[in-house]
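One structure is given here, and the rest of the page talks about it.
Number of protein chains: 2
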Amino acid sequence: MTTLNTTDPRTATTSATELTATSAVEVAEITARAADAFGFLRRQSRAWRAGLLRALADGLEEDRETLVDAALSETGLAAARLNGELSRSAFQFRLFAEAVDDGGYLEAIIDHAGETPLGAGPDVRRMLVPIGPVAVFGASNFPFAFSVVGGDTASAVAAGNPVVVKAHSSHLLTSQRSHESLTRAAAAFGAPDGLFGIVYGQQAGAALVADPRITAVGFTGSLSTGKILQSIIDERETPIPFYGELSSVNPLIVTPGAVSARTDAIGEGLFVSVTGSAGQLCTKPGIAFVPTGEQGDRLVADIVARAEAAAAQTLLNSRIHGAFDEIRTRLIAQGGARSLVAPAAGEEGFSLTPAVLEIDAADVTAEATEEAFGPLVLLVRYAERDEVRQALQAVPHSLTATIHSEPEETELRGAFTEAVEDLVGRIVYNGYPTGVRVSWSMNHGGPWPATNTQHTSVGVTAIRRFLRPLAWQDAPVEVLPAELRDGRVDVPRRVDGVLELASAD
Amino acid sequence: MTTLNTTDPRTATTSATELTATSAVEVAEITARAADAFGFLRRQSRAWRAGLLRALADGLEEDRETLVDAALSETGLAAARLNGELSRSAFQFRLFAEAVDDGGYLEAIIDHAGETPLGAGPDVRRMLVPIGPVAVFGASNFPFAFSVVGGDTASAVAAGNPVVVKAHSSHLLTSQRSHESLTRAAAAFGAPDGLFGIVYGQQAGAALVADPRITAVGFTGSLSTGKILQSIIDERETPIPFYGELSSVNPLIVTPGAVSARTDAIGEGLFVSVTGSAGQLCTKPGIAFVPTGEQGDRLVADIVARAEAAAAQTLLNSRIHGAFDEIRTRLIAQGGARSLVAPAAGEEGFSLTPAVLEIDAADVTAEATEEAFGPLVLLVRYAERDEVRQALQAVPHSLTATIHSEPEETELRGAFTEAVEDLVGRIVYNGYPTGVRVSWSMNHGGPWPATNTQHTSVGVTAIRRFLRPLAWQDAPVEVLPAELRDGRVDVPRRVDGVLELASAD
Chain P
1 MTTLNTTDPR TATTSATELT ATSAVEVAEI TARAADAFGF LRRQSRAWRA
51 GLLRALADGL EEDRETLVDA ALSETGLAAA RLNGELSRSA FQFRLFAEAV
101 DDGGYLEAII DHAGETPLGA GPDVRRMLVP IGPVAVFGAS NFPFAFSVVG
151 GDTASAVAAG NPVVVKAHSS HLLTSQRSHE SLTRAAAAFG APDGLFGIVY
201 GQQAGAALVA DPRITAVGFT GSLSTGKILQ SIIDERETPI PFYGELSSVN
251 PLIVTPGAVS ARTDAIGEGL FVSVTGSAGQ LCTKPGIAFV PTGEQGDRLV
301 ADIVARAEAA AAQTLLNSRI HGAFDEIRTR LIAQGGARSL VAPAAGEEGF
351 SLTPAVLEID AADVTAEATE EAFGPLVLLV RYAERDEVRQ ALQAVPHSLT
401 ATIHSEPEET ELRGAFTEAV EDLVGRIVYN GYPTGVRVSW SMNHGGPWPA
451 TNTQHTSVGV TAIRRFLRPL AWQDAPVEVL PAELRDGRVD VPRRVDGVLE
501 LASAD
Chain S
1 MTTLNTTDPR TATTSATELT ATSAVEVAEI TARAADAFGF LRRQSRAWRA
51 GLLRALADGL EEDRETLVDA ALSETGLAAA RLNGELSRSA FQFRLFAEAV
101 DDGGYLEAII DHAGETPLGA GPDVRRMLVP IGPVAVFGAS NFPFAFSVVG
151 GDTASAVAAG NPVVVKAHSS HLLTSQRSHE SLTRAAAAFG APDGLFGIVY
201 GQQAGAALVA DPRITAVGFT GSLSTGKILQ SIIDERETPI PFYGELSSVN
251 PLIVTPGAVS ARTDAIGEGL FVSVTGSAGQ LCTKPGIAFV PTGEQGDRLV
301 ADIVARAEAA AAQTLLNSRI HGAFDEIRTR LIAQGGARSL VAPAAGEEGF
351 SLTPAVLEID AADVTAEATE EAFGPLVLLV RYAERDEVRQ ALQAVPHSLT
401 ATIHSEPEET ELRGAFTEAV EDLVGRIVYN GYPTGVRVSW SMNHGGPWPA
451 TNTQHTSVGV TAIRRFLRPL AWQDAPVEVL PAELRDGRVD VPRRVDGVLE
501 LASAD
């Protein structure tokens, strides 16, 4: 048995945990329990599941202190950020409870038997049903909101599926305590033992993805690890969906109007967005297009001054800390970027100060636009809008794009919107892409390599990833789910082609 | 240039066509035109696209004679079947036009800016947008409804995407004429040249799937070809969704009550379903569970008598014709099935009479449940319901399962429903799975290897395969799609968590 260590990134000190790497045999036992739990879950009502989700949220908040304590010592993130993230995770479970109560996510459809242009049609009723046990990979940068108690878990359980999490090696204790919080609350609610599983260690993660009982994988992390997991899936006898949120540089464009009207505000806003959580957010604006000329120069000088004055920030782990300057050096050596502010190491732990690079739009290539995870921004100077359009072709597809403009720049804003709409999953106007709102409409996904395009991992519609359609034809009423029976019903449905709201109370 | 041949399966005579295999350079030109067309399509309204779909439907019906003529000589399918299939294809385009007019498929969601439990939230609006050029592979067994003018094409275009079809080698002329019908109608409607493309030849198909401009692949065909296409996708720099409808044996269960009450009716219905279109339907019930005992014996005898009296039927091509008896022989030699009726070759062409096999439920293995594409049914004799449940574990996941029971067999029907619901995408009661209704609720998909689980390829919701979400945050009204602006709107939307119907006229 391999004993696993945990490291405090604030001091770079490593200590042994009582956790051991999960063996292949244990992984199979855990997924077998998950499969059993799935059988139980399938028979529960939506009301039961909404209640479960609320109980999980309550449990998280009850365990706030012990969870945040563990995360403080394992991630180096600030207490305010971690408390906010825990609140967000609890909110996420409650929002999914609302969605389960609402039932619109079931996409219930009824076509009664009847004559059609192609002859007599049978009675057909369809809705979405849960897909089965889901594997979730915790992310290094969100010990709560994208890990054991995060959005993938919440949406998979909301859909009616058991979840087995691969704990991220950067926050093993946080993961363990999070898992205990979930299992305690779930047990008190009467959920079966196998609803939540957790595995530790890289090999256990690989075994989990290969396990035939697993029906989908949710992952937030690096493109390279994502590709490894996808290749494991490619080897499976039964292919399963891989929902990877992998890489994003999040271009931000400042128009000539905006740079003149709001130099200081944009300087401050952009710098805060680049350096929040030490720049370790998937929506960090890593590339900012700034006009050439005097006003643009002022904005650049503002950001440079902020970076030079900034204190060192702690990064999540030694890998990210070590990669940061490697990537920065590549952006200069191979990408042709100029260093405006070089990072300085902090006094202790995995810490450093922010970095600022600059490049001319005409020189932007794939080598200059690699994602640098951490507090770094590449300022791209442009004179003509076509230079932006051209440079964007070299920028990897991203979760977001942001456009800062003035109200009267309608035509230019439209042109930039067109230039980014096929490249990203969310377009932000006069704001910043960090601070993702957890809501019904949020889209946190985008064309590859941001994600694999067609789904969000944040917000209510993330639930669709863990569902599949099932149809019943000429079914006797007693085999139909309650939501597909004729008469009053508590979900919206499309009946004979016409959308109907849930029956009034 | 390789000149391509076409074969009449009724006579097994091959003749040269004027078609040549599409070169890699030509494939790239075709996808480049599709990418251009996508830019145009993105700017058109839903009303425009619904009009286009209706024009395509009208065009198909105008060209009915020449299309059906070609298909008659290339597929050996009956004129009534082919005319019905053409009507179905036209109906499909019109049904998607209705769906586009309705706009519910956009899944429009608006969250206005406001206070949330996590602080101030920005205004976020989200809907689905088209994904880009789609590759569609024609199927051998549906020269219209699953080929150039089929459901994949209709749903991809309805979503707003250009389509490039790989013509099936079994019906090249039908494909060419179908493509001409589409392009003629599209041009008359004012659609750009690149909206529809077509490529010929296996290598061109592979090049199409590998082409970086292609954003999704729709395929209906064999599991082996599906796996090849998936492996090409696995090699792409940018992974894309593969929607394969691959293999299905469609178990059908007859309860003791049903076999007693409706022996003759089930004998006739099952035989018609097994042999319709010479058994070459993806929903053919290839495996039927029949009780042991006298009533079950009568049902078996009925089916045997029908098969012995049946005339030879023409199969689609030499490959299917050749494989049929190979697979049948394997089912006997390796699967342990008993031959009740052996097929006899017809007088001419790729023809043969139906085959009937029998096996005891306890002997059912994966080797006994391979899909035999053609007029063959395996009758599985069972004494106890647990034998059915057990045997189903060896049956590959399928598009459908069917349960024949009597009204009073509530408990048994429930048990069989539970036994199949995780294995299939549609459950049919007291009917037959062939004759798929094209409607809002239809699900034509199922767990692997039926499909890759989460989508249908028939019915309105097939459109979701070719869409992706896009969100706009704090967007000025002029950059928003009409469907996401405040005020009266012609689509249903979820606004601040509450589903609202389209505004009344």
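The listed protein sequences derive, respectively, from chains P and S. Residue numbers for the first sequence follow UniProt numbering, so the first one is 1 and each next one is one higher. Residue numbers for the second sequence follow UniProt numbering, so the first one is 1 and each next one is one higher. Using N, Cα and C, we set each Cβ at its ideal position, and we do this for glycine too.
**Request:** With 9 Å as the threshold, decide whether the Cβ of N83 (chain S) is near any Cβ in chain P.
**Result:** no
**Asked** Near S15 (chain P), what residues of its chain come up, given a Cβ to Cβ distance below 7 Å and the 5 sequence neighbours on each side ignored?
**Response** Closer than 7 Å at the Cβ level, and outside the excluded window around S15 (chain P), lie N5, T6.
**Request:** Can you grab the Cα-Cα spacing for the pair A158 (chain P) / L60 (chain P), in whole Å?
**Result:** 16 Å
**Request:** Compare the Cα-Cα distances from P133 (chain S) to each of S:A309, S:L77, S:A37 and report the closest residue.
**Result:** When only C-alpha atoms are compared, the closest one is S:A37.
**Request:** Tell me, please, which residues DSSP counts as bridged to F96 (chain P).
**Result:** Note: F96 (chain P) sits in no beta bridge, so no partner.
**Request:** Taking W48 (chain S) as part of the alpha helix (DSSP H), name the residues at either end of that continuous run.
**Result:** 46-62
**Q230 (chain S): contacting residues in chain P (beta-carbon distance under 9 Å)** = D234, P239
**Asked** Using a C-beta cutoff of 9 Å, does I110 (chain P) count as contacting chain S?
**Response** yes
**Prompt:** How would you call T263 (chain S), buried or exposed, if buried means at least 16 neighbouring beta carbons within 10 angstroms?
**Reply:** Label assigned to T263 (chain S): buried.
**Asked** Taking buried to mean at least 16 other C-beta atoms within 10 Å of its own C-beta, is K227 (chain P) buried or exposed?
**Response** Answer is exposed; the Cβ neighbour count stays below 16.
**Request:** Alpha carbon to alpha carbon, how far is I131 (chain S) from K419 (chain P)? Give it in angstroms, no decimals.
**Result:** Note that residue 419 (chain P) corresponds to Ala in the displayed sequence, not to Lys. About 16 Å.
**Prompt:** Considering only residues of the same chain and omitting the five flanking positions on each side of G267 (chain S), which have a CB-CB separation below 6 Å?
**Reply:** L299, D302, I303
**Message:** Using the three-state DSSP reduction, which class does R493 (chain S) fall into: helix, strand or coil?
**Reply:** strand
**Proximal residues of chain P, C-beta to C-beta of I427 (chain S) below 9 Å** = Those within 9 Å of I427 (chain S) in chain P are L470, A471, W472, Q473, A475, V479.
**Request:** Quick one: grab the DSSP three-state call for A120 (chain S).
**Result:** A120 (chain S) falls in the strand class under three-state DSSP.
**Asked** Do we get a CB-CB distance below 9 Å when we pair Q454 (chain S) with the residues of chain P?
**Response** yes
**Item:** Spatial neighbours of G205 (chain P) in its chain, beta-carbon cut-off 7 Å, leaving aside the 5 residues before and after
**Value:** F137, K166, V199
**Request:** Compare the beta carbon distance of M127 (chain S) and E483 (chain S) with 9 Å and say whether it is the shorter of the two.
**Result:** yes
**Request:** Give the secondary structure of Y105 (chain S) by DSSP, where H, G and I count as helix, E and B as strand, and everything else as coil.
**Result:** It is helical.
**Item:** Cα-Cα separation, L412 (chain P) to F289 (chain P)
**Value:** 14 Å
**Request:** Please list, in chain order, all residues of the same chain as D58 (chain S) whose beta carbon is under 6 Å from its beta carbon, the five residues on each side excluded.
**Result:** none
**Message:** Check for me: the alpha helix (DSSP H) holding V254 (chain P) runs from which residue to which?
**Reply:** No alpha helix (DSSP H) contains V254 (chain P), which is instead part of the beta strand (DSSP E) from 251-254.
**Request:** Please list the partners that R192 (chain S) has in chain P, where partner means a Cβ-to-Cβ separation under 8 Å.
**Result:** Note that residue 192 (chain S) is Pro in the sequence shown here, rather than Arg. None at all; the shortest Cβ gap to chain P is about 17 Å.
**is_contact[R126 (chain P), chain S] using C-beta, thresh 9 Å** = yes
**Prompt:** In whole angstroms, what is the alpha-carbon distance linking E18 (chain S) and G497 (chain P)?
**Reply:** 44 Å
**Asked** Using a Cβ cut-off of 7 Å, which residues of the segment 323-336 of chain S contact any Cβ in chain P, in chain order?
**Response** none
**Message:** Can you check whether the C-beta of F91 (chain P) is within less than 9 Å of a C-beta belonging to chain S?
**Reply:** yes
**Request:** With F289 (chain S) as the anchor, note down where its alpha helix (DSSP H) starts and where it stops.
**Result:** Taken as a continuous stretch (DSSP letters only), F289 (chain S) belongs to no alpha helix (DSSP H), being part of the beta strand (DSSP E) at 287-291.
**Item:** For A216 (chain S), the first and last residue of its enclosing alpha helix (DSSP H)
**Value:** Careful: A216 (chain S) lies outside any alpha helix (DSSP H), inside the beta strand (DSSP E) at 216-220.
**Prompt:** Of all Cβ atoms in chain P, is any one closer than 9 Å to the Cβ of P291 (chain S)?
**Reply:** no
**Closer than 8 Å at the beta carbon, the chain S residues around I131 (chain P)** = Those within 8 Å of I131 (chain P) in chain S are T453, Q454.
**Prompt:** If you draw a straight line from the alpha carbon of L315 (chain P) to that of E98 (chain P), how long is it in whole angstroms?
**Reply:** 36 Å
**Prompt:** Any beta-carbon of chain S closer than 9 Å to the one on L467 (chain P)?
**Reply:** Chain S, which has a Cβ nearer than 9 Å to the Cβ of L467 (chain P), makes this yes.
**Request:** Could you round the C-beta distance between R42 (chain P) and V100 (chain P) to whole angstroms and report it? I think they count as a contact, below 8 Å.
**Result:** Separation of the CB atoms of R42 (chain P) and V100 (chain P) is rounded to 14 Å, and the pair is thereby denied contact status at 8 Å.
**Prompt:** Count the other CB atoms within 10 Å of the CB of G34 (chain S); is the residue buried (16 or more) or exposed (fewer)?
**Reply:** Rather than Gly, the amino acid found at residue 34 (chain S) in this sequence is Ala. It counts as buried.
**Request:** Below 8 Å on the Cβ atoms is my guess for A191 (chain P) versus F466 (chain P); work out the distance and round it to an integer in Å.
**Result:** Contact doesn't hold; Cβ gap of about 17 Å is too wide.
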